[in-house]
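Here the structure comes first, spelled out in structure tokens, and everything after it is commentary.
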Amino acid sequence: MTPDLPLTLYVDRACPLCAREVRWLERSADPARLQLVDISAVDFSTEGLGRDLPQLRRRLHARSASGAWLTGVDATYWSWRLAGHGRWAAPLGWRPLRPLLLLGYQLFAVLRPHLEWLPHPDGARRCTATQCDVTQNPSPSAGKPENHR
């Protein structure tokens, strides 16, 4: 059953792999159908969600306009479809593959916190054991000595 729209996808832009997918979704998503909320943003609050931040970080969550929650593979499937990537989403909905997809997602969810070594698409400094700094790169001339000729 199609979720009530808009679907709100709770994403972690501090995660390098996740940030790539978020950019891919942003390029094609219609905000009337799919809204992306960054759970790593300083001003993000879980108030009124019925979920806490550790829950949101453990697996991908999406919430329909009616308040129904989708997680993991289901959240991915619907966010991709609603962003116009139905061809890529289709295999996620194939029943014979579902047990394998769920197992694969569980493995990814366990490994995801250990992927901070991957380069972040915005070139941000990497995460430490306790937090991520996702500030934008300085300008290309920042940090270079001035040429006084």
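First residue of the sequence shown: 37, per my numbering; consecutive thereafter. Using N, Cα and C, we set each Cβ at its ideal position, and we do this for glycine too.
Option nearest residue i by Cα separation, candidates the options
| i | options | result |
| --- | --- | --- |
| D40 | R131, L118, L139 and F144 | L118 |
| A101 | L133, T38 and L43 | L43 |
| Q142 | R93, R63, A55 and W60 | R93 |
| L154 | A55, M37 and P135 | A55 |
| S115 | P90, G103 and A65 | A65 |
| Q71 | E62, R148, G140 and V78 | E62 |
Cβ-Cβ distance between residue i and residue j below 8 Å
| i | j | result |
| --- | --- | --- |
| L45 | A98 | yes |
| L96 | T82 | no |
| L53 | L137 | no |
| I75 | V58 | no |
Local Cβ density within 10 Å of residue i, reported as buried at 16 or more and exposed below that
| i | result |
| --- | --- |
| V109 | buried |
| H156 | buried |
| T38 | exposed |
| A68 | exposed |
Sequence-distant residues of the same chain with beta carbon closer than 7 Å to residue i, five excluded per side
| i | result |
| --- | --- |
| R123 | none |
Unbroken alpha helix (DSSP H) run spanning residue i, endpoints
| i | result |
| --- | --- |
| W153 | Careful: W153 lies outside any alpha helix (DSSP H) and carries neither H nor E. |
| V78 | V78 -> no alpha helix (DSSP H), and no H or E assigned at all. |
| A125 | G122 to A125 |
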